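> Protein chains in written order, with our numbering: chain A, 1 to 116; chain B, 1 to 113. Following this message is one structure expressed as structure tokens.
See below:
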């Protein structure tokens with residue numbers, strides 16, 4: 001039972017255009033959402049996050065949108081650059097899981113390829 | 001910068017061997033985690049710990065155990081390695097003050113033959 005779903009395993013975008021990565025979730029108790037970026041043979045690195053009380057958070061070229069009624073979030077990268085090519089994981093926080101903050105459920109990831 | 005260090009990047013072990021994966025973080029984080037990453041399955045939580053000597057099962061704890069004797073160190077143990085435990089293992093840490101962000105190590109590639 002997947003609680004965090006990234007339905008597109010891959011996405012290809014031209015350099016300079018917008019990349020939109022999507023994520024759906026099923027558990028309305030999630031209170032925090034994060035995006036991580038992962039290069040091959042490296043650990044994931046934190047990219048951007050959003051609290052469930054907000055609908056948008058922006059950091060430079062990266063913007064995350066949250067639609068709580070649809071249980072959907074998206075990551076927009078604009079303009080896309082070749083260095084953005086990586087696997088992007090959506091994650092949601094389980095705020096009451098074992099009493100520990102920061103315990104996350106991850107989606108399966110979307111591989112983004114930005115072509116020059 | 002937060003540093004999460006995993007002692008071994010690449011390991012090859014035989015079926016039935018006992019395997020230790022070590023992880024150390026240098027930011028005095030309370031919480032530490034072990035995930036595994038497999039193609040098409042994303043990141044799955046094996047075990048986590050929110051304090052010294054405390055441990056909680058994650059989503060896929062079977063075949064694994066953990067040890068947290070010191071705050072900075074969290075070890076993952078495969079008591080008897082099997083081929084289906086061939087994977088990339090990721091250690092992570094977080095604190096109540098790190099704003100929900102967890103920080104990952106570089107990963108350990110384990111191959112069980």
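Note that beta-carbon positions come from the ideal geometry of N, C-alpha and C, so glycine has one too. The structure presented is a predicted model; accordingly, all values stated were derived computationally and were not measured.
Quick one: list the residues of chain A neighbouring residue 41/B, beta-carbon separation under 7 Å, in chain order.
Walking along the second chain from the start, residue 41/B turns up at place 41. Chain A residues near residue 41/B: 108.
> Are the CB atoms of residue 46/A and residue 36/A nearer to each other than 8 Å?
In the first chain, the residue the question calls residue 46/A occupies position 46. In the first chain, the residue the question calls residue 36/A occupies position 36. Cβ atoms of residue 46/A and residue 36/A: closer than 8 Å.
> Beta strand (DSSP E) containing residue 61/A: first to last residue?
Along the first chain, one-based indexing puts residue 61/A at 61. From DSSP, residue 61/A is part of no beta strand (DSSP E); its letter is neither H nor E.
> From the DSSP output, in three-state form, read off residue 42/B for me.
Taking the second chain and counting its residues from 1, one reaches residue 42/B at position 42. Reduced to three states, the DSSP call for residue 42/B is strand.
> Give every residue of the same chain whose Cβ lies closer than 7 Å to the Cβ of residue 109/A, excluding the five residues on either side of it in the sequence, and list them in chain order.
Numbered from 1 along the first chain, position 109 holds the residue referred to as residue 109/A. If we look at residue 109/A and ignore the five residues flanking it on each side, its Cβ neighbours are 6, 87, 88, 89.
> Please classify residue 101/A: does DSSP put it in a helix, a strand, or coil?
Stepping through the first chain from its first residue, residue 101/A is reached at position 101. Summary for residue 101/A: the model assigns pLDDT 49, below 50, so the residue's position carries little reliability, and this model does not support an answer.
> Kindly give me the distance between the Cβ atoms of residue 89/B and residue 77/B, rounded to whole angstroms, as I take these residues to be in contact under 8 Å.
Walking along the second chain from the start, residue 89/B turns up at place 89. Walking along the second chain from the start, residue 77/B turns up at place 77. Incorrect: roughly 11 Å between the Cβ atoms, too far for contact.
> For the region 72–102 of chain B, which residues have a beta carbon sitting closer than 9 Å to at least one beta carbon of chain A?
Cβ contacts with chain A come from 88, 90, 91, 92, 93, 94, 95, 96, 98, 99, 100, 101, 102.
> Which chain B residues are close to residue 104/A, counting only those with a beta carbon under 7 Å from its beta carbon?
Looking up residue 104/A in the first chain gives position 104. 102, listed in chain order.
> Is residue 44/A buried or exposed, if buried means 16 or more other CB atoms sit within 10 Å of its CB?
By 1-based counting over the first chain, the position of residue 44/A is 44. Classification for residue 44/A: buried.
> Spatial neighbours of residue 14/B within its chain, please: C-beta separation below 8 Å, excluding the five flanking residues on both sides.
In the second chain, counting from the first residue as 1, residue 14/B sits at position 14. Closer than 8 Å at Cβ, skipping near neighbours: 81, 112, 113.
> Helix, strand or coil for residue 85/B per DSSP?
Here the question's residue 85/B lines up with position 85 in the second chain. In this structure, residue 85/B counts as helix in the three-state DSSP scheme.
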